[in-house]
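Peer 1:
Residue numbers (the working numbering): 307 to 405.
In structure tokens:
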């Protein structure tokens, strides 16, 4: 994995230890690339997670729902799915409260 994926000030992301399948390992690398891209563009979100961000939206399709970040390349495939627990980027914006 290249050293330049995250800047030196990037928070360390630790995955659970234990044996994992190649598919799981590739999925984790994909997650790191997506987070690295967002943190590279917008900086880091001061310890926040994506959960409370206005850019995190729920898309529906094929009888399921998926979380996507509007600032990332939103497409209809698994490679652009997002997790609310991921560390937020610097473009984090509080969701508007709905009455």
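We put the beta carbon where it would ideally sit given N, CA and C, even for glycine.
Just so it is clear, the structure is predicted and the values come from calculations on it, not from any experiment.
What residues in its chain sit with their C-beta under 6 angstroms from that of residue 388, if we drop five residues either side in the sequence?
Peer 2: Against the chain shown, residue 388 aligns to sequence position 82. Once the five neighbours on either side are set aside, the close Cβ partners of residue 388 are 373, 374, 375.
Peer 1: With DSSP collapsed to three states, give me the class of residue 366.
Peer 2: In the chain shown, counting from the first residue as 1, residue 366 sits at position 60. Three-state DSSP puts residue 366 in a strand.
Peer 1: On the DSSP letters alone, give me the boundaries of the beta strand (DSSP E) that residue 395 sits inside.
Peer 2: For this step, residue 395 is matched to residue 89 along the chain shown. Start and end: 393-395.
Peer 1: Give the range of the beta strand (DSSP E) segment to which residue 354 is assigned.
Peer 2: Indexing the chain shown from 1 puts residue 354 at position 48. Counting along the chain, the beta strand (DSSP E) containing residue 354 begins and ends at 350-355.
Peer 1: When the Cα atoms are used, what is the spatial distance from residue 367 to residue 357?
Peer 2: Reading the chain shown from its first residue, position 61 is the one you call residue 367. Reading the chain shown from its first residue, position 51 is the one you call residue 357. In a straight line, the C-alpha of residue 367 is about 21 angstroms away from that of residue 357.
Peer 1: Kindly list the residues whose CB is nearer than 8 angstroms to the CB of residue 403, restricted to its own chain and excluding five residues on each side of it in sequence; keep chain order.
Peer 2: As a first step, residue 403 must be located in the chain shown, where it is residue number 97. The answer is none, since no qualifying residue turns up.
Peer 1: Measuring CA to CA, which of 361, 335, 345 is closest to residue 399?
Peer 2: Start at 1 with the first residue of the chain shown, and residue 399 comes out as number 93. Checking every option, the nearest Cα to that of residue 399 belongs to 361.
Peer 1: Assuming residue 351 contacts residue 395 under a Cβ cut-off of 8 angstroms, what Cβ separation, rounded to an integer in Å, is found between them?
Peer 2: One-based indexing of the chain shown puts residue 351 at position 45. One-based indexing of the chain shown puts residue 395 at position 89. That belief holds up - the Cβ atoms of residue 351 and residue 395 are roughly 6 angstroms apart, short of 8 angstroms.
Peer 1: Considering only the alpha carbon of each residue, which of 345, 346, 386, 348 lies closest to residue 365?
Peer 2: In the chain shown, counting from the first residue as 1, residue 365 sits at position 59. Answer by Cα proximity: 386.
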